[in-house]
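Below is one structure, written out as structure tokens; comments come after it.
Written as structure tokens, this is what we have:
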């Protein structure tokens, strides 16, 4: 079970809400794995990938609007996650028949969320909190 | 761990480190001596005062600002490089030592259970000086795991073992850690050890910055910069400028994956020794080469050669190939590059 404790909040509502939704989907997927419902698991992975991409786009737009100086670096980081999302989709095709694929998928999802999404976002947390507290925040993407 | 910064005086040793270790997974910090990786373990364990950031285990914040839980209340197992077994205590009592909250009978049963898991139960009454390095390591692992920690920290756990023993012990260690479904954070300077043990690797560079974070395959096949690429040993290097989207070389045009690199940019291509392949015909393209030397290492050979023609004519390269290279049978040899082992970076990196 993945949970976003206070330390992992970015303290920008739109981003934290997206992160919580991503975590919800991960937990639904891992629950489906634990309950031996691999078909449900396979169905949810594309939802996770789609929502991740939408979240990345929203986040990049927000960083851009607030003038985050390293927005290109962060955009590049998001682009570098394409391979990992493709891996998840490929694993999802195998989860019905392969316990090893289920295990690998669980691992991919957790590290993706905590390391590649949330921990990387920590880099802009203080900038964005400061920028948005001045009333510059826009979430219309 | 979120946003960890640490400095000794004006020397920064950790710079904005954030990482997560899920239960049952092993995350490895890989970097040279002095890059701050042991400091990070000591901060997690509470042996070093946290200066900035926070440490959370499960849902409990154990260190943030001035509020820091003492080491004995963190439920963290720590295995040191030298194992740190108490010489005056038997193997069994070493393992029981960390179970001070339990009554003697329960503690003894748990210690014996852990010694059984690591295959040391028959040595329970011996003292550390009577054990080999590998056996001491297994006792240290049993001691670290006996109190059912939420997190285990391993500091260069195999560095004092000889090569054969190391391979066996690290497999056993990994098996025991996985059996216990414990989150593990390990530090090592040995990239192969990190590749073998880790679910995820974080490469630490100068001033304690994370340079790359990913699966072992990401670190090996997609190193994000020269430093990470060179962690696995000496590389072949070709410098040049981008022409028509690639770098011209004696091995043909090396395609550049980064679409942002502009025509005329100065780039460097690094090629792993195992990414150069010899053949007796030029059907696959490639460069004619002159073999300079071959050294058999056992399961592989290192072959040095010189390119005979083209842009890199006269330049020396080296490759690693499986088995022995037979110097008695060589005629004209060609070398080509496997693009999976060639990485491109700006020359000024």
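Protein chains in written order, with our numbering: chain D, 4 to 144; chain C, 2 to 350.
Just so you know, even glycine gets a beta-carbon here, dropped at the ideal spot from N, CA and C.
Since we're looking at a predicted model, the values are computed, not measured.
Beta carbon of residue 88/C, beta carbon of residue 129/C: below 8 Å?
yes
Could you give the DSSP three-state label for residue 13/C: helix, strand or coil?
strand
Which residues in chain D sit within 7 Å of residue 4/C, going by Cβ to Cβ distance?
125
Rank 334/C, 229/C and 72/C by C-alpha distance to the C-alpha of residue 345/C and give the top, closest one.
229/C
Say whether the stretch 276 to 294 of chain C touches the stretch 308 to 315 of chain C, bearing in mind that this needs 3 or more beta-carbon pairs closer than 8 Å, one atom from each stretch.
yes
If we ignore side chains and look at the alpha-carbon of each, how far apart do residue 145/C and residue 99/D end up?
37 Å
Which residues of the stretch 6 to 38 of chain C have a Cβ closer than 8 Å to any Cβ of chain D? Give them in chain order.
17, 19, 20, 21, 23 and 26
Verify the CB distance criterion: does residue 6/D have a CB-CB separation below 8 Å to chain C?
yes
Using the rule of at least 16 other Cβ atoms within 10 Å of the residue's Cβ for burial, across every protein chain shown, is residue 215/C buried or exposed?
buried
Residues of chain C with CB closer than 9 Å to the CB of residue 118/D, please, in chain order.
19, 20, 21, 28, 201, 203, 214 and 215
Does the distance from the CB of residue 45/C to the CB of residue 2/C come in under 8 Å?
yes
Could you check whether the Cβ of residue 130/D sits closer than 8 Å to any Cβ belonging to chain C?
no
Buried versus exposed, by CB contacts within 10 Å (16 or more), residue 353/C:
Given that chain C is displayed from residue 2 to residue 350, the structure contains no residue 353/C and the question cannot be resolved.
Give the DSSP-derived three-state secondary structure of residue 346/C in the structure shown.
strand
Tell me, please, which residues DSSP counts as bridged to residue 24/D.
According to DSSP, which records beta bridges pairwise, residue 24/D is partnered with nothing at all.
Only counting the same chain, and skipping five residues up and downstream in sequence, which positions put a Cβ closer than 7 Å to that of residue 222/C?
341
Is the Cβ of residue 55/D closer than 8 Å to any Cβ of chain C?
no
C-alpha gap between residue 259/C and residue 232/C, whole angstroms:
21 Å
By the 9 Å beta-carbon criterion, what residues does the stretch 225 to 246 of chain C contribute toward chain D?
225
Rounded to whole angstroms, how far is the Cβ of residue 96/C from the Cβ of residue 115/C, which I believe are closer than 8 Å?
6 Å
Any contact of the stretch 22 to 40 of chain C with the stretch 109 to 119 of chain D, i.e. 3+ C-beta pairs under 8 Å?
yes
Is there at least one Cβ from chain D nearer than 8 Å to residue 57/C's Cβ?
yes
Who are the near neighbours of residue 11/D in its chain, counting only those whose CB is closer than 7 Å to its CB and skipping five residues on each side?
121
Compare the Cα-Cα distances from residue 37/C to each of 8/C, 164/C, 195/C and 227/C and report the closest residue.
8/C
For residue 11/D, decide whether its Cβ has a neighbour in chain C, counting only Cβ atoms nearer than 8 Å.
yes
The stretch 235 to 251 of chain C in contact with the stretch 263 to 280 of chain C per 3-pair CB rule at 8 Å:
yes
Interface residues of chain D facing residue 60/C [CB-CB closer than 8 Å]
6 and 8
Rounded straight-line distance, which links the Cα of residue 104/D to that of residue 151/C
26 Å
Starting from the C-beta of residue 178/C, find all residues in its chain whose C-beta is less than 6 Å away, skip the five residues before and the five after it, and write them out in chain order.
185
Return the Cβ separation of residue 286/C and residue 315/C in integer angstroms, given the expectation that the two are a contact with Cβ distance under 8 Å.
Wrong, their Cβ atoms sit about 20 Å apart, outside the cutoff.
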